[in-house]
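Accompanying notes for the structure given below.
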Amino acid sequence: MKRRFDVIVIGSGPNGLTAAAYLAKAGLRVLVLERAHEAGGGLATEEVTTVPHCLHNTHAVYMMMVDYAPIYKDLQLEELYNLKHIYPPLQFAMPFTDGSCLCLYSDLDRSYNSIAKFSKKDADTYREIYHKHKQWTEDFLAPATYAPAKSILEQAALMDKTAVGREIFALSEKSPKDIIYGLFTHERVRTLMLYIACMWGLDPDQEGLGYLVSLYLNRATNYRLCVHGTHSLAQALIKVIMENGGLLLTAQYIKRIIVSNGRAIGVEKDDGTVFEADKAVISTLDLHQTFLQLVGEHNLDKDFVESIKNWKWEHWSLLSVHMVLEEPPNFSASKSVPEINRAFVYVLGYETPDDFLNHYGRIGEGKLNGKAGFNCCFPTIHDPSQAPPRRHTGLISQMAPYELKGGGPEKWLSLKFKEEQAQQCVGILRRYAPNLTDEKIIRLYVSTPKDVENKLPDMVRGSIKQGEYNPFQMGYLRPNEQCSTYRSPINSLYVGGSCCHPGGTVLLGGGYLAANAVAEDLGIKKWWAEPAIVSNARQKGLL
2 MKRRFDVIVI GSGPNGLTAA AYLAKAGLRV LVLERAHEAG GGLATEEVTT
52 VPHCLHNTHA VYMMMVDYAP IYKDLQLEEL YNLKHIYPPL QFAMPFTDGS
102 CLCLYSDLDR SYNSIAKFSK KDADTYREIY HKHKQWTEDF LAPATYAPAK
152 SILEQAALMD KTAVGREIFA LSEKSPKDII YGLFTHERVR TLMLYIACMW
202 GLDPDQEGLG YLVSLYLNRA TNYRLCVHGT HSLAQALIKV IMENGGLLLT
252 AQYIKRIIVS NGRAIGVEKD DGTVFEADKA VISTLDLHQT FLQLVGEHNL
302 DKDFVESIKN WKWEHWSLLS VHMVLEEPPN FSASKSVPEI NRAFVYVLGY
352 ETPDDFLNHY GRIGEGKLNG KAGFNCCFPT IHDPSQAPPR RHTGLISQMA
402 PYELKGGGPE KWLSLKFKEE QAQQCVGILR RYAPNLTDEK IIRLYVSTPK
452 DVENKLPDMV RGSIKQGEYN PFQMGYLRPN EQCSTYRSPI NSLYVGGSCC
502 HPGGTVLLGG GYLAANAVAE DLGIKKWWAE PAIVSNARQK GLL
């Protein structure tokens with residue numbers, strides 16, 4: 002049995018749905034194929050604790066680029082599809098065991114006052130870099146997220162022509178630790194800022210990606226929460242696809258991407274069903290699945306295959322503890338900062354920068370630290386619709402190694418071991434919010450790095466961004482020079498997942514830029530315009 006479409010999109014994560022939505026609205030016959038029984042990938046909201054009506058965001062929860070990602074405006078997701086976001090005033094809170102608390106607010110003055118309690122010098126520095134990083138994000142970092150990356154030499158030449166470009170370029174050569182230690186002096190201020198800089202995958206000591214520190218510090222006061230859960234974003238995108246004649250099929254097990262005379266012409270399922278693609282195939286899966294498994298090495302150049310095999314995955318993933326609570330946490334630090342109980346993101350368990358650095362170092366050795374900290378949030382504090390009355394949900398997210406020393410990844414599958422790790426995390430939470438006794442915690446659900454890989458196979462080794470962030474796997478080199486424009490060595494085969502520029506964390510850039518590449522190659526008149534921030538960056542000579 003054969004069925005024909007213009008474009009086939011493999012994978013219905015945020016990037017796959019984005020690409021499909023743009024191209025379906027452009028009038029193409031689009032088919033989205035998804036291995037799981039539910040579309041959305043990391044945009045997942047589930048009742049995993051089995052407590053009725055308690056919704057848990059099992060992967061993505063913090064929406065980082067709502068104010069910049071073009072899809073929200075282009076597709077009118079809020080106006081037409083009832084996608085809503087909450088922007089909590091208190092964005093980050095780091096309480097300490099002595100009852101003090103360091104906070105970052107959406108309001109600069111309130112952040113300044115909180116930091117000044119620890120160090121006026123650091124507060125003055127924060128005010129200065131707040132404005133600088135906001136400008137850098139507006140002028141370059143956000144636009145570069147939604148424009149194809151340029152080669153290193155070409156981008157460096159452009160950056161050298163403007164003051165903003167030179168400042169960003171100079172920062173890029175430094176490590177997160179060097180940047181944070183160079184800016185701040187107080188131990189506790191350094192602790193929070195270092196965690197924020199590294200929580201999305203930056204090695205504290207690695208040089209070459211310092212520009213991301215600026216982006217992450219700016220974004221730390223711009224996080225949003227999806228009303229009714231993260232899956233609401235996926236649902237809105239699915240509606241766009243369906244309303245424009247697209248088709249989404251779940252539980253689809255793909256055997257191969259059909260290649261004929263060097264061109265991708267369709268997809269074959271395990272049961273022999275063939276879907277033909279007259280114009281393009283877009284894969285948002287990881288590189289190994291796309292090229293080594295589905296395309297096949299025999300269809301690829303030897304050097305290209307070798308570059309795919311040398312791709313590096315993150316050496317850490319996430320240990321997540323999802324909780325159903327009888328009441329929300331009441332932090333001891335609320336005596337000094339009453340509003341802490343309504344913070345969006347909490348960073349707990351780190352009292353000094355060395356606490357975090359030691360945690361990160363042990364991850365690289367495949368070791369666990371029972372005293373390690375984490376970030377956590379309690380969505381129902383801000384959005385009561387995610388749980389029934391008198392119930393609250395919570396999420397602990399701890400960086401953890403995929404490959405455990407003395408047991409490997411399979412050790413994560415031990416129910417007893419998982420529960421032990423979860424209880425250690427809960428114990429740390431309770432140190433700061435003592436009201437969360439055993440009686441107040443109704444149910445726990447634990448997800449480990451191995452569970453991440455099992456549930457989302459494109460996150461190889463639990464790699465939540467489809468590949469490590471390092472200077473050789475970012476920008477024009479993400480995933481490699483042959484695929485940096487979202488086109489691949491196979492004609493009509495495009496890539497657009499988190500393994501592509503700009504990366505993961507629901508930036509929605511890979512799918513957006515893949516859709517642009519397809520539209521340009523097919524000569525389709527785009528119904529969407531280039532984002533104003535990108536046009537402005539071009540006019541300033543930064544892109």
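In our numbering, the protein residues as written are 2 to 544. Virtual Cβ for every residue (Gly too), placed ideally from N, Cα, C.
Among the bridge pairs identified by DSSP, Gly267 is matched with Ile259, Glu277. At a Cβ-Cβ threshold of 7 Å, Ile11 and Leu32 do not count as neighbours.
For a cut-off of 8 Å, the C-beta gap from Pro90 to Tyr69 is around 20 Å, too long to register as a contact. In the DSSP secondary-structure assignment, Leu226 is bridged to Ile87. Counting only residues of its own chain and dropping the five nearest sequence neighbours on each side, Ala237 has a CB closer than 8 Å to the CB of Leu76, Leu78, Tyr82, Asn83, Leu84.
For the 7 Å CB-CB criterion, Arg189 and Phe119 form a contact. Straight through space, the alpha carbons of Arg488 and Arg539 are spaced by roughly 22 Å. By the criterion of at least three beta-carbon pairs nearer than 8 Å, the stretch 158–167 is in contact with the stretch 132–143. The beta carbons of Tyr88 and Arg220 sit about 12 Å from each other, so the pair does not count as a contact at 8 Å. Pairing Gly512 with Asp206, the inter-Cα distance amounts to about 31 Å. Excluding five sequence positions before and after His86, the CB atoms of its chain that fall closer than 7 Å to its own CB belong to Met64, Val67, Arg225, Leu226, Cys227, Val228, given in chain order.
With contacts defined as CB atoms closer than 7 Å, His393 and Leu437 fail to qualify as a contacting pair. Residue Cys104 holds the alpha-carbon nearest to the alpha-carbon of Pro339 among Pro53, Cys104, Leu34, Glu35. DSSP places Cys102 in the strand class (E or B) of the three-state scheme.
Here Pro330 is not near Ala252, since their CB atoms are 7 Å or more apart. Taking all protein chains shown into account, Thr381 has 16 or more neighbouring C-beta atoms within 10 Å of its C-beta and is therefore buried. Straight through space, the alpha carbons of Gly362 and Val214 are spaced by roughly 19 Å. Between the stretch 172–184 and the stretch 503–511 there are fewer than three inter-stretch CB-CB distances shorter than 8 Å, so the stretches are not counted as touching.
Note on Phe473: under 16 other CB atoms within 10 angstroms of its CB, so exposed under the neighbour-count rule. For His132, the enclosing alpha helix (DSSP H) stretches over residues 121–137. Here Lys541 has Asp140, Thr163 as same chain residues with Cβ atoms under 7 Å from its own Cβ, once five neighbours each way along the sequence are excluded. For the set Leu18, Lys313, Gln425, Leu193, the Cα lying nearest the Cα of Ile465 is the one of Lys313.
About 24 Å separates the CB atoms of Ala401 and Leu288; that is not less than 8 Å, and the two are not in contact. For Phe345, the secondary structure class from DSSP, reduced to helix, strand or coil, is coil.
In the structure shown, the three-state DSSP call for Lys3 is strand. Listed in chain order, the non-local C-beta contacts of Leu414 below 7 Å within the same chain comprise Lys451, local neighbours out to five positions each way being set aside.
The Cβ atoms of Tyr351 and Thr192 lie closer than 7 Å to each other. DSSP places Ser398 in the uninterrupted beta strand (DSSP E) bounded by 393–402. Rounded to whole angstroms, the gap between the alpha carbons of Leu195 and Pro354 is 7 Å. Nearest to Thr59 by C-alpha distance, out of His383, Ile429, Thr46, is Thr46. Annotation: the continuous beta strand (DSSP E) that includes Leu326 extends over 317–326. Under the rule that a run must span 4 or more residues, the alpha helix (DSSP H) segments found entirely inside the stretch 417–477 read 450–456. Under DSSP, Tyr495 forms a beta bridge with Ile283, Arg488. Here the alpha carbons of Lys406 and Lys368 stand approximately 6 Å from one another.
Look at Leu295 here: in three-state DSSP terms it is helix. As the crow flies, the alpha-carbon of Leu210 is around 21 Å from that of Asn359.
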